[in-house]
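Chains as they are written, first to last, in UniProt numbering: chain S, 1 to 160; chain A, 1 to 717. Heads up, the beta-carbon is just placed ideally off N, CA and C, and yes, glycines get one too. Please read these numbers as outputs of a predicted model, since none were measured by experiment. Notes follow the structure.
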Amino acid sequence: MSSIIITINGKDHSLDVDPQMPLLWAIRDVVGLKGTKYGCGVAQCGACTVHLNGEAVRSCVTKVSRAAGQKVVTIEGLSKNNDHPVQRAWQEIDVPQCGYCHSGQIMSAAVLLRDNPNPTDADIDAGMAGNICRCGSYLRVRKAIHLAAGMERKVSSRNE
Amino acid sequence: MDTQSVSRRNFLKVSGLTGVMLSLGLYLPTHAEEAEIINTAGAADLGTDLNAWIRIDALGKVTITDHRAEMGQGSYQAVPQIIAEELEVPLNEVAIVFAQGNRKYGSQITGGSSTVRGSYKNLLKLSATARQMLIQAAANQWAVPVTDCYAEAGHVIHKPSGKKANYGTLVADAAKLEPPKDVVLKKRADYTQIGKPLHRPDTPLKTNGTAGFGLDKTLPGMLYAAVERNPRLRGKVKSFDDTAARKVPGVKQILKVKMLVHSTPREGVAVIAESTWAALQGKKALKVTWDDSGFEHLSSEEIYKRQHEALQTNEGLSLKQQGDVADALAKGSKKLDVVYQTPYQSHSCMEPLNCTAYYQASKVEIWGPIQAPDMVQDFISKEMKLPREKVIVNMTFLGGGFGRKAFTDYPYEAAVISKAVGAPIQVVWTREDDSTQGPFRPGISYRCEGAVADGKISAFKLRMAGQNLGHWMGAPKDKPNNSTNEGFLKPYTESIKNLSIADVPFETPIPVLWWRSVYASTNGFAYESFMDELAHEARKDPMTFRREHLPDERVQKQLDKLAEVSGWNSRKPGEGYGMAITECFSSTVGQVVKVSKNPNGGVKIDHVWAVMDCGWYVNPDTVKAQVEGSIVMALGAATQHEVTFKDGMAVDKNFYSYLMPRITDIPPIDVFIMENDADAGGVGEPGLPAFSPALTNAIFDLTGKRVRKLPFSLATV
Ligand code: FES
Ligand code: FES
Numbered sequence: 001m002s003s004i005i006i007t008i009n010g011k012d013h014s015l016d017v018d019p020q021m022p023l024l025w026a027i028r029d030v031v032g033l034k035g036t037k038y039g040c041g042v043a044q045c046g047a048c049t050v051h052l053n054g055e056a057v058r059s060c061v062t063k064v065s066r067a068a069g070q071k072v073v074t075i076e077g078l079s080k081n082n083d084h085p086v087q088r089a090w091q092e093i094d095v096p097q098c099g100y101c102h103s104g105q106i107m108s109a110a111v112l113l114r115d116n117p118n119p120t121d122a123d124i125d126a127g128m129a130g131n132i133c134r135c136g137s138y139l140r141v142r143k144a145i146h147l148a149a150g151m152e153r154k155v156s157s158r159n160e
Numbered sequence: 001m002d003t004q005s006v007s008r009r010n011f012l013k014v015s016g017l018t019g020v021m022l023s024l025g026l027y028l029p030t031h032a033e034e035a036e037i038i039n040t041a042g043a044a045d046l047g048t049d050l051n052a053w054i055r056i057d058a059l060g061k062v063t064i065t066d067h068r069a070e071m072g073q074g075s076y077q078a079v080p081q082i083i084a085e086e087l088e089v090p091l092n093e094v095a096i097v098f099a100q101g102n103r104k105y106g107s108q109i110t111g112g113s114s115t116v117r118g119s120y121k122n123l124l125k126l127s128a129t130a131r132q133m134l135i136q137a138a139a140n141q142w143a144v145p146v147t148d149c150y151a152e153a154g155h156v157i158h159k160p161s162g163k164k165a166n167y168g169t170l171v172a173d174a175a176k177l178e179p180p181k182d183v184v185l186k187k188r189a190d191y192t193q194i195g196k197p198l199h200r201p202d203t204p205l206k207t208n209g210t211a212g213f214g215l216d217k218t219l220p221g222m223l224y225a226a227v228e229r230n231p232r233l234r235g236k237v238k239s240f241d242d243t244a245a246r247k248v249p250g251v252k253q254i255l256k257v258k259m260l261v262h263s264t265p266r267e268g269v270a271v272i273a274e275s276t277w278a279a280l281q282g283k284k285a286l287k288v289t290w291d292d293s294g295f296e297h298l299s300s301e302e303i304y305k306r307q308h309e310a311l312q313t314n315e316g317l318s319l320k321q322q323g324d325v326a327d328a329l330a331k332g333s334k335k336l337d338v339v340y341q342t343p344y345q346s347h348s349c350m351e352p353l354n355c356t357a358y359y360q361a362s363k364v365e366i367w368g369p370i371q372a373p374d375m376v377q378d379f380i381s382k383e384m385k386l387p388r389e390k391v392i393v394n395m396t397f398l399g400g401g402f403g404r405k406a407f408t409d410y411p412y413e414a415a416v417i418s419k420a421v422g423a424p425i426q427v428v429w430t431r432e433d434d435s436t437q438g439p440f441r442p443g444i445s446y447r448c449e450g451a452v453a454d455g456k457i458s459a460f461k462l463r464m465a466g467q468n469l470g471h472w473m474g475a476p477k478d479k480p481n482n483s484t485n486e487g488f489l490k491p492y493t494e495s496i497k498n499l500s501i502a503d504v505p506f507e508t509p510i511p512v513l514w515w516r517s518v519y520a521s522t523n524g525f526a527y528e529s530f531m532d533e534l535a536h537e538a539r540k541d542p543m544t545f546r547r548e549h550l551p552d553e554r555v556q557k558q559l560d561k562l563a564e565v566s567g568w569n570s571r572k573p574g575e576g577y578g579m580a581i582t583e584c585f586s587s588t589v590g591q592v593v594k595v596s597k598n599p600n601g602g603v604k605i606d607h608v609w610a611v612m613d614c615g616w617y618v619n620p621d622t623v624k625a626q627v628e629g630s631i632v633m634a635l636g637a638a639t640q641h642e643v644t645f646k647d648g649m650a651v652d653k654n655f656y657s658y659l660m661p662r663i664t665d666i667p668p669i670d671v672f673i674m675e676n677d678a679d680a681g682g683v684g685e686p687g688l689p690a691f692s693p694a695l696t697n698a699i700f701d702l703t704g705k706r707v708r709k710l711p712f713s714l715a716t717v
């Protein structure tokens, strides 16, 4: 076993783990960041979504070795103060019920909005179809992504 | 010296040590409806522990105990929101803690949508009592009439002078007062928090990953366990080869375990490891030979065949019988005799089952996503022969519950493994374990016979053949399942003179359990599909037909609302509209579903309207969220997934074949809440049962095709 260095939420971690271990379990059990969730283990539910070099990946099927030397962002690192536009929109609309799926939903939504700052309902559905919510909070996910898009627009017009 | 003064002095001594506090709890004598409000001294007099629901410290900080599980339905807000209202403190300034499992809180089983309806009256009174004691303490300090003082935002104010005191400065004096017997409760119109869509206090914890779920618990020295369980209930382990499993790096120990499902043992092999991944790898590498002797290798076809046969030959155990159904059926000119079929379902909580336990020197502590901490405490205390106080059960946030996490098997298993290993253990269920092990919602068939005469129902006979989950908990087998009429509106039974409802005994070895809205989740489909068939037979508009059979003012108003919001009376030809109305846990929900032909084949859902009548409620936004979520869950159960059995095992193991509704499947859903003064009904479950019949009734309206078997495919219907 050799150590694998990964930058997680801006901090370098040197991990002595089986390189085959999914990133999910390395993040949860070895690094100790518990915000990323296990839901299915087979890339079906999206609960484990993190950003790998800025792209949303399912950490349950991403070998930790694939992240070696790369940058990973988890829900804990999405913003310092729980105030990424997606997080603010989620709070405004009270999207979560049990909340278990929402680390993944939020990480997926953040990438969706970065790539498409003004998504239609159809764009949102296409971008979020990989995230299951057993509590059925989907209507609010849609609504909150529109709201977050509005917030992004406001921020960027202020910056112009 | 009387005992009261002794305990009061004792109490003051104790509170002097721990910092002054006003703590109030509830004492509910057996069978009493109304609780007595007690403080520490009162509790001592009664020889019990104080169940401090409200604690206010010398800084004025208010801590409220949530005695129920938070699994998405909002108890973490509802309980504090109720208390904050009468206590006159802003919800966002109180701290909320989960109670441990303890009988002193009364029943903690978070099921039957009972958190609010079961406790709100006592909680309102409790908080008003605390408020009154604080006002009294202020009046005493200022030597002014108590009637000149009022409470607001964590302070008592003297009206004439405008003098103001923070609760914290009053708790020492308030704690010495006897809780007043009669307090005046606020009127609903005067509420500033109850009935308002306040933000949920748990939302921020759920947007940055800090909400602690069961799987997030860690303890120093904790090891992880994954268990390969016999895929068949009652199956045992014959032998196992763990040579390969032992070679997996991080695997520490492998042992045979026995878990009790109800009172039936199920055996498996546990792999104990340093990380979840190592445990899962070890589990995969095991070679287990199962002993399945004595188990019936059932299949789904077999189950339904037996149910249908039973419905043709067996009159069943009567639950309700009025008039002369046989005669009315014989005389009826327009007769119907149909069978509906509903599937077994898995709860499939987003957070798979898991539990953390630490057994040491004759005591065990449990942490987990637990819906019924008091039941877990009872069960483990009995099975492991430990006194109740040596079984400490802590609730984490639950990543979904839906009834599954009100069960005792998985915490018990964790406790057993921790005892055997001698270390704190977190048992992780894989999604595959969670999908295939059960207990499941029972799949049920219904035979409905009926007749109409003069546009009205002249006979209505329903027989249900499905597993009685009460039998797993010791209910007598010669009595009908008393949930056979769950879902069916009571006013129907007043208007239908010839009515019979019976339970046809049906058993299998498949373990079954409550699933969101329990029997109403399947009964509702049968009752309200059949109501629609009878309406059609009577050539009546389905809404009008129901109106004519529901002689109840409250329900009539709800139907008015449902017709109004859905545009029922202005629907156009070519549009498919269906409705259904069901009762569940003292709330009634009516739904209208609109469907149209999908250009790619089949049918698509265009819109859902739901009208919830839950009487008194706490948070309208939570009520709406719960109905939305219930509809999505019902959509999945009606059109996407079912547990099928083959050779005595559940077939579908993960979400690639046990399909879940996704965002792409969700139609617009509008939820409306009836406003009235009725007592509180349930919120978390009652939105579910009406959806599937409203949907299939809409499909009938559009296509003339009657769907009598769930699940069905929208794409091919
Ligand atoms: S846990 Fe990774 S997609 Fe479900
Ligand atoms: S909020 Fe519970 S699974 Fe999405």
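At a cut-off of 8 Å between beta carbons, Cys48(S) makes no contact with chain A. The DSSP-derived three-state label of Asp241(A) is strand. For ligand 2, a non-hydrogen atom lies closer than 7 Å to the CB of Tyr100(S). If you draw a straight line from the Cα of Asp115(S) to the Cα of Ile124(S), it comes to about 11 Å. The C-beta distance from Lys653(A) to Thr484(A) rounds to 32 Å, too long to meet the 8 Å contact threshold. Non-local C-beta neighbours of Leu659(A) in its own chain, meaning closer than 8 Å and more than five positions away in sequence, comprise Gly636, Gln640, His641, ordered along the chain. Closest in alpha carbon position to Gln426(A), among Ala414(A), Lys419(A), Asp433(A), Phe440(A), is Ala414(A).
Not flagged as an interface residue toward chain A: Thr62(S), since no C-beta distance is shorter than 8 Å. The Cβ neighbour count for Pro599(A), taken over all protein chains shown within 10 Å, is under 16; the residue is labelled exposed. What Gly399(A) touches in chain S, judged by beta-carbon distance under 7 Å, is Cys98, Tyr100, going in chain order. Contact between the region 224 to 235 of chain A and the region 270 to 281 of chain A is present, with at least three C-beta pairs closer than 8 Å. Contact between Gly466(A) and Ser445(A) holds: CB atoms are separated by about 7 Å, below the 8 Å threshold. Excluding the 5 residues flanking it on each side, Ser137(S) has same chain C-beta neighbours closer than 6 Å at Val95, Gln97, in chain order. Here the alpha carbons of Asn394(A) and Asn140(A) stand approximately 40 Å from one another.
For Tyr150(A), the pairing in a beta bridge is given by DSSP as Ile157(A). Residue state for Pro542(A) is assigned as helix, using DSSP reduced to three classes. Secondary structure at Lys252(A): strand, using DSSP grouped into helix, strand and coil.
The contact set of Ile82(A) on chain S, defined by CB atoms closer than 7 Å, is empty, because the minimum CB distance reaches about 18 Å. Residue environment for Tyr656(A): exposed (fewer than 16 other C-beta atoms within 10 angstroms of its C-beta). Close CB contacts of Glu315(A) within its chain, under the 7 Å cut and outside five residues either way in sequence, are with Ala502 (chain order). In this structure, DSSP gives Lys461(A) an extended state, which the three-state scheme calls strand. With a beta-carbon spacing of about 6 Å, Asn9(S) and Val73(S) fall inside the 8 Å limit used to define contacts. Counting only heavy atoms of ligand 1, the residues whose C-beta sits closer than 6 Å to one of them are, along the chain, Tyr38(S), Gly39(S), Cys40(S), Gly41(S), Ala43(S), Gln44(S), Cys45(S), Gly46(S), Ala47(S), Cys48(S), Arg58(S), Cys60(S). Buried is the label assigned to Met21(S), since at least 16 other Cβ atoms lie within 10 Å of its Cβ.
DSSP, read as helix, strand or coil, puts His84(S) in coil.
With 16 or more neighbouring CB atoms inside 10 Å of its own CB, Lys206(A) falls in the buried class.
Between Tyr344(A) and Phe440(A) a beta carbon distance of about 5 Å is seen, short of the 8 Å cut, so the two are scored as contacting. Ala128(A) sits close to Leu185(A), with the two beta carbons spaced by under 8 Å.
Trp609(A) carries a strand assignment under DSSP once its states are collapsed to helix, strand and coil. Chain-order list of chain A residues neighbouring Asn82(S): Pro204, Thr207, Asn208, by C-beta distance under 8 Å. Listed in chain order, the beta strand (DSSP E) runs fully inside the region 349 to 403 of chain A are 354 to 360, 363 to 368, 391 to 395, counting runs of at least 3 residues. At a Cβ-Cβ threshold of 8 Å, Gly684(A) and Pro373(A) do not count as neighbours. At least one beta carbon of chain A lies nearer than 8 Å to the beta carbon of Ser103(S). With a contact defined as Cβ atoms closer than 8 Å, Gly106(A) and Leu28(A) qualify at about 5 Å.
DSSP, read as helix, strand or coil, puts Phe98(A) in strand. Beta-carbon to beta-carbon, Cys149(A) and His155(A) are separated by about 10 Å, too far to satisfy the 8 Å threshold.
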